[in-house]
Amino acid sequence: MILKNPIKTQKFNWKPIIKQFEAAIGKDSVIRRKEELLTYECDGLASYRQKPALVVLPRTTEEVAAAV
Numbered sequence: 102m103i104l105k106n107p108i109k110t111q112k113f114n115w116k117p118i119i120k121q122f123e124a125a126i127g128k129d130s131v132i133r134r135k136e137e138l139l140t141y142e143c144d145g146l147a148s149y150r151q152k153p154a155l156v157v158l159p160r161t162t163e164e165v166a167a168a169v
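When we follow the numbering used here, the leftmost residue of the sequence shown carries the number 102, and every step to the right adds one.
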């Protein structure tokens with residue numbers, strides 16, 4: 102089952118945040134292309150899909166600290 106009226110989000114300027122993440126942990130650790138984000142739109146509850154604006158995948162403890 103897919104929700105008929107998914108929650109609509111407000112327009113938000115993600116560019117400054119994306120640049121900060123890319124500077125802190127590297128461009129290859131920040132996913133923002135629409136087709137790549139589809140993988141992360143749901144977990145085990147496929148009925149509640151919501152595509153994220155971006156995904157951050159830090160690889161080290163230092164990168165986790167920088168991302169947070």
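We treat Cβ as the ideally placed atom computed from N, Cα and C, and that holds for glycine. The model shown is predicted, which means the values in this text are computed figures rather than measured ones.
- Query: Thinking just about the alpha-carbon of each residue, which of Gln151, Glu136, Ala124 is nearest to the one in Cys143?
  - Reply: Gln151
- How would you write the range of the alpha helix (DSSP H) that Lys116 sits in, first residue to last? 116 to 126
- Task: Inspect the beta-carbon positions of Glu137 and Val156 and report whether they are closer than 9 Å.
- Result: yes
- N- and C-terminal bounds of the alpha helix (DSSP H) containing Glu73: Since the first and last residues shown for the chain are 102 and 169, residue 73 lies out of range.
- What residue does the alpha helix (DSSP H) around Lys135 start on, and which one ends it? 135 to 138
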